[in-house]
Structures are given as C-alpha cells and as structure tokens.
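Protein chains in written order, with the working numbering: chain A, 8 to 234; chain B, 38 to 258.
Positions of the beta carbon are idealized from the N, C-alpha and C atoms, including for glycine.
This structure is a prediction, so every number in the text was calculated from the model and none was measured.
Reading through the structure tokens given below for one structure.
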Amino acid sequence: MSGHEHEHGHEPGGHGHTHDPSHPHNAPLTEVQLRVKALESLLTEKGLVDPAALDELIDTYETRVGPRNGAKVVARAWIDPEFKRRLLENATEAIAEMGFIGRQGEDMVALENTPRVHNLVVCTLCSCYPWPVLGLPPVWYKSSPYRSRAVIDPRGVLREFDVELPDDVEVRVWDSTAELRYLVLPERPAGTEGMSEEELAALVTRDAMVGAATVKAPGGPRTGTAR
Amino acid sequence: MNGVHDMGGMHGFGAVAREENEPVFHADWERRAFALTLAMGAFRRWNLDRSRFAREQMPPDEYLAATYYERWLWGLRELLVEHGFVTREELERREVRAPRDARPRPEALRPADLPRMLRNRRAARLDDPVPPKFKPGDRVVARNIHPLGHTRLPRYVRSRQGVIDRDHGVFIFPDTHALGQGKKPQHVYSVRFAARELWGLEASPRDSVYVDLWDDYLDPA
C-alpha cells in the first residue's frame, strides 16, 4: 500500500466547518476513510491502479502545482507590458511560455482588475478552477455559500473577504460553466515600484487571483487578511 | 438536470468561511480519493462531462451534506460499477488486503504516464470548422430548457437576455458528450448578463455576470 498511513480526523465540513486538530491519530477510522482504503485496496488487487502513481499524483498537486505558479504569471505581467499584452490577448499561450500547462488549464482567460472594473471568478455548477496556475481549489471556493452567492451578491461576498468596492466600480462575475479557466490579474499595489519580479510574486495571493482579494504592498495599509 | 448542484442565486447557505493557511488536502482519504479518481479516469471509459454528471446524480440531500471529495468518491463508485470495473458487492467490502505484489495491468496509470497526462494541452477544444451562430455584440436569450440529463446551462440564466461578449471557439458539447451521444462540436461564447436582468432592480446597475454558453443554449433575442 501507500505509505500514507496517518489518518487525520479533521475533515473539511462543507457546513459548520468543524476542524478538530486534537482528534487522536489512533481513533477508529470513519466510514469514508474505510471506504477509500477498501476501494484503493480493491482496485490495486485487480491491477487497476498502481499505488505509486497515486502517490505521484498527490505529490504533484501538494508540492509542485499551486498558486505560486499563478503569482509568477501576475508578477511577470506587472513588470513586462509586452507579456501583459500577450496574457490578456491569449492567456493560454502566455501562461504556457512560463511552463504552466495542462489539466484544467487547457484554455485560459486572463481578466484584468483595474480601478474601474473588479472581476470575480466562480463555478456555480461544480468547482472548476485553473489547476496549473492555482492548484486545487480551497474549500471556500467549493462551498455552497460561495457557489450560490457569488453571482447574486458578489459585493456581499467580497465584503466577507474584506474587499469593500465603491459603487462606481463595475463588478464582473465570471461563471466557469465551460472549459475556459479564468485567472484574475490583480492591480499592482502602489509603493511596489522598485520591487523585483520575485518580490512582487511573493505579494500575490491565491484569493487575489480569483478576484476575492486585492494585493497589498508590504507594510502598506492592511484593509484585510488577504491570502 | 435541475439538481441541487446548480446553486447560482440560491439563498440560505450562510457566509463564506475561509480557512487561513489551508492545506491542499484535509485528510489522507481526500488525497487517495482525488488520486483514485484521476487514475481511473485515465482508462478513458468515461469523459469529464460524464464524471460531472455522475456527481450530479448523487441524491440531493446527500450531495448537500457531503464534502467535495465525498462527492468525487460517490461519482467514482457509480462509474466503476457502471463500467464493470467492480461490483456493488465488492464496493461493500471494508477490508484492506491488496497484496504487495499486486501487478498493475498494462493499461493502468503508472508514474511514468503522469507528465503526459497532466501536461496534455488538448481537452474540450475542437478543430472542427463549425461556423458560429453569433458574433460579439449580438443580443441573445438563453433557452428555457430543462434537460433531465447533464447540462451546463445554469437555471439562473434561462429565459434571460444577454450579449455575446466573446467567441471562445469550438468545443465539445457537454449535454451530448456526458450521455455518450457524441461531441456535437459548436461555439462557446462568454455571454454577458446584466445583474439587473438576472436579479431585478435590487442589483447594481453596473454589475454583470459572464456565463460561458454553447450555441445550443442560445437563441437570437
């Protein structure tokens, strides 16, 4: 089997969201834990899965594919106007230049946030998300509150993310109903003029690339807990 | 199908809860359920649209009570039975007994297959020379249809008028693809719906929702 023998009892509650870090490791397996273990065992026994491939898949999305990729794209667009032009014109190709390609990012669209326009991305029907640049989606993105409210009450949702938009800013919500995957290009914060591409990338958060946060300059006014 | 998965515009789910420093997975079973789904998908007995449709068929009360990877697991189990990989009886087993020397079949996903699988750049986009029915700027209305099968036309835009914002090109049509009835290549557009058209005068006059829709979901307004 796989070497992943530690079962942490806390599970992401879609509702109520109870995490219990004190849950003992030797507690009895829950029904879902048992089901998954038994299923992997059954499929391995039948020769249908190679546990080593499962380990490698997990490692890929836990350590190699994630929002740091998208942050590099954003930082590049901030310092290189020519790259930014290409990104907004054909995001798939521009992002591929940086090596971020593949599953759930085959066809990308970049959306530029400006002082006049704020873009927010959702998938109301499931939880489509641009894996190559942002990794696997966080629980909030997959949750019923976000999926239900982002389209009908985007300003209220953004307020819960500590983003308060003036009335004269236009909100555009993008519902990922097809196979296009959206990356928000957040506004570059003031006070970052002298920063390197790498330093800028470090400021860019996952939530900002979904449109659920703005990017803050280091030491700048903290209007929220952007991540 | 008019399922509970089609959540856009629903009330009552409460505030959006964020978790600081959230891990990619919250439990080991989530890791394994995720990887098992991708590994079995690599047999290509079903496509992504069929996978989504499988999850949508989870009974609504169970769907709402389930977490994301519980829904994946539910869909995977259904597909495994439907395609004869396992029986329902086998799924009821709770023993863990895979022998260390179990040999993967030649078609099983191996670590060496991953780069090609994960970095594949072609998925739903097609090269078929299908002419578009609409062009940017055209006014359209989303059809008032209620298919029992899979659809990516959310309820909240049906019968609503919008404007074609951009043409994304030709893609597989999920409604037929999910049912094994072919790719039915056609254009997908970002259609802009004014927030007030969707939600009434309470909505901001400036705001809008862009929804990616296929030719077969749209009529000229």
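query	result
Cβ of Glu14/A within 9 Å of any chain B Cβ	Confidence in Glu14/A is poor, its pLDDT being 39 and thus under 50, which makes the residue's placement unreliable; the coordinate value appears in the next sentence. Taking Cβ atoms only, chain B reaches closer than 9 Å to Glu14/A, which makes this a yes.
8 Å contact criterion, which Leu165/A and Leu118/A should meet: CB distance rounded	About 15 Å; that fails the 8 Å criterion.
Selection of the segment 181-194 of chain B by Cβ proximity to chain A, strictly under 7 Å	Arg189, Pro191, Tyr193
Any chain B beta carbon closer than 9 Å to Lys91/A	no
Proximal residues to Ala70/B (C-beta, below 6 Å), its chain only, five neighbours per side dropped	Tyr106, Trp109, Leu110
Proximity below 9 Å, CB of Arg83/A to CB of Leu141/A	no
DSSP-derived helix/strand/coil call for Asp27/A	Low confidence applies to Asp27/A: its pLDDT is 44, below 50, so where it sits in the model is not reliable enough to give any reading.
Touching by the beta-carbon criterion (3+ pairs, under 8 Å), the segment 246-255 of chain B and the segment 179-199 of chain B	yes
Whole-angstrom distance between Glu89/A and Val211/A, CA atom to CA atom	20 Å
Exposure label - Asp98/B; buried when at least 16 CB within 10 Å	exposed
Minimum C-alpha distance to Ala161/B - residue among Arg123/A, Leu41/A, Gly112/A	Gly112/A
Trp138/A versus Pro58/A, Glu204/A, Glu186/A, Ser48/A, residue with shortest Cα-Cα distance	Glu186/A
Chain B contacts made by the segment 184-197 of chain A, where a contact means CB separation under 7 Å	Thr184, Ala185, Glu186, Leu187
Paired residues, beta bridge with Asp249/B - DSSP	Ser227/B
Pick from Trp251/B, Leu117/B, Gln223/B that is closest to Val177/B, judged by C-alpha positions	Trp251/B
Below-9 Å beta-carbon distance, Arg158/B vs any chain A residue	yes
Alpha helix (DSSP H) segment containing Leu187/A, residue limits	Here Leu187/A belongs to no alpha helix (DSSP H); instead the beta strand (DSSP E) covers 187-192.
7 Å Cβ shell around Ile108/A - same chain, five flanking residues per side excluded	Pro139
Beta-carbon neighbours of Glu99/B, restricted to chain A and to distances below 9 Å	None at all; the shortest Cβ gap to chain A is about 12 Å.
Strand pairing of Gly106/A, partner residues [DSSP]	Answer by DSSP bridge pairing: none, since Gly106/A is not bridged.
Segment contact flag, the segment 46-66 of chain A with the segment 117-136 of chain B, C-beta cutoff 8 Å, min 3 pairs	yes
Within chain B, the residues that Leu210/A reaches when beta carbons sit closer than 9 Å	The contacting residues do not exist; Leu210/A stays about 17 Å from chain B at best.
Phe168/A to Ala219/A span [Cα, whole Å]	6 Å
is_contact[Thr213/B, chain E] using C-beta, thresh 9 Å	The structure shown contains no chain E; its protein chains are A and B.
Residues in the segment 61-77 of chain A having any Cβ partner in chain B nearer than 7 Å	Leu61, Glu63, Leu64, Ile65, Thr67, Tyr68, Glu69
Short CB-CB distance (under 9 Å) between Val129/A and chain B	yes
Same chain only: Cβ atoms within 6 Å of Arg93/A, ignoring 5 sequence neighbours per side	Ala101
Local Cβ density within 10 Å of Val124/A, reported as buried at 16 or more and exposed below that	exposed
Outcome for Lys240/A when other beta-carbon atoms lying within 10 angstroms are tallied against a minimum of 16	A question about residue 240/A goes unanswered here, because the residues of chain A that appear run from 8 up to 234.
Collapsed DSSP secondary structure at Met216/A in the structure displayed	helix
Beta-bridge partners of Ala179/B, as assigned by DSSP	Leu255/B
Stretch-stretch touch, CB-based, cutoff 8 Å, three pairs: the segment 79-97 of chain B with the segment 123-130 of chain B	no
Touch test, the segment 58-66 of chain A against the segment 195-209 of chain A, Cβ-Cβ under 8 Å, three pairs minimum	no
Under 9 Å between C-beta atoms of Val225/B and Val200/B	no
Interface flag, Val176/A vs chain B, CB-CB below 9 Å	yes
Under the three-state DSSP convention, the category Asn84/B falls into	coil
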